[in-house]
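Participant:
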Amino acid sequence: MKVIVYHISQEDKKLLALANRKKHKITIIVDPLSETTVHFAEAKDTAIIIDQEKLVSNSLILKLISFGIKYFIFSFQEQVPVDVSIIQDAGLKYIIIPDSKLAISSIIEILDAWKKSD
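Just so we're aligned, residue 110 is where the sequence shown starts under the numbering used here, counting upward by one.
1) Have a look at Phe183 and Ile159 and give me their C-alpha separation to the nearest angstrom.
2) Go to Ala156, then tell me how far its beta strand (DSSP E) extends in each direction, as first and last residue.
3) Would Ile157 and Val193 be called neighbours here (beta carbons separated by less than 8 Å)?
4) Using beta carbons (cut-off 8 Å, strictly below), is His116 in contact with chain C?
5) Report the option in Trp223, Lys225 and Ala212 whose CA atom is closest to the CA atom of Asp121.
6) What residues in its chain sit with their C-beta under 6 Å from that of Phe149, if we drop five residues either side in the sequence?
Okay, here's the thing in structure tokens:
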């Protein structure tokens, strides 16, 4: 799968690379998802959004969908700052996982499962 990851820490970046073992093509963006970073998702299958501080607007979600994003993974410490109804209405898949060190290995397992289902 072609994956874009937004707002990942250096530590989690290393853990993700180790867990991935080059199975998925992952692009890492250290900045949060925003109007200025959304274009990096073009031609990707999956968007992973970690610890987004501001609400992920409906327009950003719609842009991600228009770029071809079919799968969404959200990992937040607090309340999820996104309205997932747009994703549901589009018939796309998403999952919300708690922020923890286990989240990184869970992300790879989820990507593997979604890749098999394609």
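Glycine included, each C-beta is placed from N, C-alpha and C at the ideal position.
Facilitator: Reading it off the structure:
1) 6 Å
2) Thr155 to Ile159
3) no
4) Absent from the structure is chain C; it holds one protein chain and no more.
5) Ala212
6) Ile113 and Ile138
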